[in-house]
Amino acid sequence: MFGPRAKCKFCHKDYATSTKRTGHLRRHMYKCMSADGQVDTTTQTQLQRHPYGSVTSWQFDAMHARGCLARYISQTDQPISIETYEITHRILSITLDNASADTSSIALFVAKNIPQDGGYFFHQRCACHIINLVVQTGLKQVSDQIDRIRDVISWICSFNPRFSEFKRYCKLNGLKPQRFQTDMPVRWNSIYLMLENCLEYDTTITYFYNMKLTETGHPEAKTLTTDDWYVTKIFVQFLKIFYNGTVTLSGVYYPTSSQVIHQIVEMSEVLNNYREDEHLGAAVVAMETKLKKYWANIPLLYTLSVIVDPRVKLSGLEALLEFIGINLSIDYSEQITDIRTKLFEIFHIYESRFGNIDIPQSTQPETEPKQTSWSLLKR
Numbered sequence: 001m002f003g004p005r006a007k008c009k010f011c012h013k014d015y016a017t018s019t020k021r022t023g024h025l026r027r028h029m030y031k032c033m034s035a036d037g038q039v040d041t042t043t044q045t046q047l048q049r050h051p052y053g054s055v056t057s058w059q060f061d062a063m064h065a066r067g068c069l070a071r072y073i074s075q076t077d078q079p080i081s082i083e084t085y086e087i088t089h090r091i092l093s094i095t096l097d098n099a100s101a102d103t104s105s106i107a108l109f110v111a112k113n114i115p116q117d118g119g120y121f122f123h124q125r126c127a128c129h130i131i132n133l134v135v136q137t138g139l140k141q142v143s144d145q146i147d148r149i150r151d152v153i154s155w156i157c158s159f160n161p162r163f164s165e166f167k168r169y170c171k172l173n174g175l176k177p178q179r180f181q182t183d184m185p186v187r188w189n190s191i192y193l194m195l196e197n198c199l200e201y202d203t204t205i206t207y208f209y210n211m212k213l214t215e216t217g218h219p220e221a222k223t224l225t226t227d228d229w230y231v232t233k234i235f236v237q238f239l240k241i242f243y244n245g246t247v248t249l250s251g252v253y254y255p256t257s258s259q260v261i262h263q264i265v266e267m268s269e270v271l272n273n274y275r276e277d278e279h280l281g282a283a284v285v286a287m288e289t290k291l292k293k294y295w296a297n298i299p300l301l302y303t304l305s306v307i308v309d310p311r312v313k314l315s316g317l318e319a320l321l322e323f324i325g326i327n328l329s330i331d332y333s334e335q336i337t338d339i340r341t342k343l344f345e346i347f348h349i350y351e352s353r354f355g356n357i358d359i360p361q362s363t364q365p366e367t368e369p370k371q372t373s374w375s376l377l378k379r
């Protein structure tokens with residue numbers, strides 16, 4: 001063999017080398033198993049129950065994996081309860097899925113685990129999920145005009161040639177073409193966002209849709225009218241409060257438990273304002289019934305978190321509950337008495353444990369509240 005040669009310093013194989021054609025050297029550098037940091041991928045890399053391995057395709061089986069884990073726990077006497085780990089006094093919160101069976105499991109947990117220093121267990125359902133259930137209930141009662149707008153938007157965006165024609169029609173009318181967000185049955189927010197985005201294009205959508213109906217000749221289909229868009233605009237204004245509440249309570253970088261009652265105030269007010277509306281009256285009645293099912297008796301954690309807010313305190317909570325009670329026809333007088341009693345009980349527990357500890361005071365940035373709930377506290 002003639003010409004310059006290069007030898008690998010790890011496996012000592014030699015290769016022809018030149019100023020060009022060095023790709024084979026680079027490929028060897030990546031696959032050389034003697035090089036530092038290389039891992040032999042031909043050996044077993046997954047944890048298996050059998051003492052052998054092979055280079056074959058494999059499929060993950062969830063039930064098989066669960067069986068292996070269960071056998072491992074039972075055969076090695078792994079602890080399976082919080083008492084064995086001795087962490088009962090360290091548990092702060094337990095997160096569960098939204099399922100009806102959770103109520104029974106939580107009742108068993110509370111019965112077996114009593115707080116050592118006294119206190120209460122708080123079973124809190126996801127506030128955003130409750131808002132979703134409330135709005136979904138109202139959507140089932142919504143008027144035909146809203147359904148017609150949803151169908152037209154889906155009809156335009158579901159077929160690419162048709163949407164391309166709609167884009168050209170928008171440009172002719174001096175509008176920026178936009179693909180509207182279609183709604184999803186499991187996310188009511190998508191319906192709100194879809195209707196909100198298409199309001200700016202109401203005239204263009206109406207002319208385009210009615211023109212296509214005339215061209216294709218579908219006399220059985222109803223044309224869009226200004227009345228359809230009028231009802232849609234009212235519906236978007238109605239849902240805006242619920243959308244803002246979902247966004248606020250979905251925060252992860254600030255506490256949200258103290259914001260729930262403020263959002264209930266806003267929702268109760270909008271339900272009261274639209275109760276006599278000819279287009280949304282039936283939806284409001286259904287939504288109010290669903291809201292009362294979950295929040296007629298407001299959870300204790302929400303009330304206590306509002307009380308410890310120095311801007312609200314106990315007197316502010318009473319004003320907020322009174323406003324909610326007027327809008328939803330609920331008497332909170334007994335609940336306020338119960339809240340006051342439990343507040344002092346929890347405070348005495350806290351004082352007995354931390355009364356002699358100096359806690360540094362923290363300052364919070366000043367905010368300018370604009371919601372109805374804050375205007376009630378200024379009176």
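In UniProt numbering, the protein residues as written are 1 to 379. Cβ coordinates follow ideal geometry from the N, Cα and C atoms, glycine included. Since this is a predicted model, take the numbers as computed values, not measurements.
Reference residue i, options the options, closest by Cα
i, options, result
"residue 261", "131, 72 and 5", "131"
"residue 161", "145, 179 and 149", "179"
"residue 155", "101, 65, 206 and 225", "206"
"residue 123", "337, 297 and 71", "297"
"residue 226", "204, 241 and 338", "204"
"residue 167", "280, 191, 201 and 144", "201"
"residue 309", "374, 199, 3 and 75", "374"
"residue 144", "214, 62 and 235", "235"
"residue 13", "28, 140, 125 and 213", "28"
"residue 349", "5, 6, 115 and 307", "115"
"residue 255", "82, 293, 329 and 306", "306"
"residue 117", "140, 104 and 88", "88"
"residue 119", "351, 376, 371 and 372", "351"
"residue 121", "128, 127 and 112", "112"
"residue 326", "264, 345, 346 and 340", "264"
"residue 125", "135, 97 and 75", "97"
"residue 169", "23, 209, 127 and 182", "209"
"residue 181", "193, 174, 82 and 173", "193"
"residue 294", "129, 243 and 346", "129"
"residue 195", "222, 163, 171 and 243", "243"
Burial state of residue i (16 or more Cβ within 10 Å)
i, result
"residue 69", "exposed"
"residue 389", "Look at the range of the chain in this structure, 1 to 379, and you will see that residue 389 is not part of it."
"residue 43", "Because residue 43 sits at a pLDDT of 46, beneath the cut-off of 50, its placement in the model cannot be relied upon, and the following sentence gives the value as read from the coordinates. It is exposed - the Cβ of residue 43 has fewer than 16 other Cβ atoms within 10 Å."
"residue 94", "exposed"
"residue 332", "buried"
"residue 238", "buried"
"residue 211", "exposed"
"residue 62", "exposed"
"residue 78", "exposed"
"residue 247", "exposed"
"residue 356", "exposed"
"residue 25", "exposed"
"residue 75", "exposed"
"residue 173", "exposed"
"residue 338", "exposed"
"residue 258", "buried"
"residue 48", "Residue confidence is low: residue 48 scores 49 on pLDDT, short of 50, so the model does not pin down where it sits. No coordinate-derived value is stated."
Sheet register partners of residue i (DSSP bridge)
i, result
"residue 14", "7"
"residue 187", "184"
Query raised in the report: Do the stretch 134-150 and the stretch 315-326 make contact, defined as three or more Cβ pairs closer than 8 Å?
Result: Between the stretch 134-150 and the stretch 315-326 there are fewer than three inter-stretch CB-CB distances shorter than 8 Å, so the stretches are not counted as touching.
Requested in this report: Indicate whether the contact test is met: 3 or more Cβ pairs, each with one atom in the stretch 285-296 and one in the stretch 261-272, closer than 8 Å.
Outcome: Flag = yes, the stretch 285-296 and the stretch 261-272 touch.
Report task. List in chain order: all unbroken alpha helix (DSSP H) runs of 4+ residues lying wholly within the stretch 93-159. Result -> Fully enclosed alpha helix (DSSP H) runs of 4 or longer: 101-112, 127-139 and 144-157.
Report task. Could you name each continuous alpha helix (DSSP H) segment of 4 residues or more that falls completely within the stretch 316-358, going from the start of the chain to the end? Result -> Those alpha helix (DSSP H) runs which fall completely within the stretch 316-358 and span 4+ residues are 333-354.
Report task. List in chain order: all unbroken alpha helix (DSSP H) runs of 4+ residues lying wholly within the stretch 219-307. Result -> Uninterrupted alpha helix (DSSP H) stretches at least 4 residues long and entirely within the stretch 219-307 occur at 226-249, 260-273, 281-295 and 300-307, given in chain order.
Query raised in the report: Can you find at least 3 beta carbon pairs, one from the stretch 237-252 and one from the stretch 99-114, that sit closer than 8 Å?
Result: No, they do not touch.
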